[in-house]
Ligand SMILES: Nc1nc2c(ncn2[C@@H]2O[C@H](COP(=O)(O)OP(=O)(O)O)[C@@H](O)[C@H]2O)c(=O)[nH]1
Ligand SMILES: [Mg+2]
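Residue numbers (our numbering): 2 to 195.
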């Protein structure tokens, strides 16, 4: 199982020249603004606020790199889909993602974080397509699972799998960053790929 200690923030990359590539595997986390991406990363790493929770959306169009256990990189991609983001910022996001996913064959795993309560958005579908297009293994996370009624759980998992066209062998992990639900399962999925 992946050793999550120590976990350190190393770099915030706003352009291609700042990307970090070395021999260590890179796990890439994507998701819309406010889906709980930073919270999921903190939960996995057993840290309160290493990846900053609630950092104002629109001000963080950077890729944040964390070195985990000295052995694995986690990259926290800038969120998308925030309604009041200026056009220039959206364009910057697009260019950054284009440069980053051009290197997608180097990703050890893409982790697509979804809001477990809702049907994935068009941008979620686009993002999952970017991962699929670079041929890297993918895992999906249905976060905020603590907010679902029991009767919603199975149908929502099916809807997420169907909307994102996830193959049967792509793990879809119900997760609550708040309660720690799914932490072990997601760590196992990551550990199998790094
Ligand atoms: N109830 C609940 N709230 C969550 C969960 N994950 C994140 N949140 C909340 O959602 C908000 C956005 O979280 P953040 O990690 O900053 O999202 P990011 O923009 O995707 O990085 C914060 O108020 C979190 O406390 C979860 O699993 N359950
Ligand atoms: Mg965040």
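Idealized CB from N, CA, C, for every residue including glycine.
Let's see if you can read the secondary structure: which residues bound the beta strand (DSSP E) around residue 65?
Within the chain shown, residue 65 is the residue found at index 64, counting from 1. First-last of the beta strand (DSSP E) with residue 65: 64-69.
Would you call the region 64-77 and the region 11-18 touching, i.e. three or more CB-CB distances under 8 Å?
They touch, by the three-pair rule.
Does the distance between the C-beta of residue 14 and the nearest non-hydrogen atom of ligand 2 fall short of 7 Å?
As a first step, residue 14 must be located in the chain shown, where it is residue number 13. No.
So, using beta-carbon positions, are residue 1 and residue 132 closer together than 8 Å?
Because residue 1 is not part of the residues shown, which for the chain are 2 to 195, the question remains open.
Helix, strand or coil: which one does DSSP assign to residue 122?
Here residue 122 refers to the residue found at position 121 when the chain shown is read from its first residue. It is coil, neither helix nor strand.
For residue 74, count neighbouring Cβ atoms within 10 angstroms of its own Cβ and tell me buried if that reaches 16, exposed if not.
Your numbering for residue 74 matches position 73 in the chain shown. Under this definition residue 74 is a buried residue.
Considering only the beta carbon of each residue, do residue 52 and residue 63 sit closer than 8 Å?
Taking the first residue of the chain shown as position 1, residue 52 is located at position 51. Taking the first residue of the chain shown as position 1, residue 63 is located at position 62. No; because the gap between Cβ atoms is not below 8 Å, this pair is not in contact.
According to DSSP, residue 81 sits in a beta bridge with which residue or residues?
What you label residue 81 is simply residue 80 of the chain shown in a count that begins at 1. Residue 81 pairs with 33.
What's the gap between the Cα of residue 32 and the Cα of residue 151?
Looking up residue 32 in the chain shown gives position 31. Looking up residue 151 in the chain shown gives position 150. Looking at the two C-alpha atoms, the distance is approximately 24 Å.
Cβ-heavy atom distance between residue 47 and ligand 4 below 7 Å?
You won't find ligand 4 in this model; what it holds is ligand 1 and ligand 2.
Can you tell me whether residue 2 is buried or exposed? The criterion is at least 16 other CB atoms within 10 Å of its CB, across all chains shown.
As a working mapping, residue 2 is identified with position 1 in the chain shown. With fewer than 16 other Cβ atoms within 10 Å, it is exposed.
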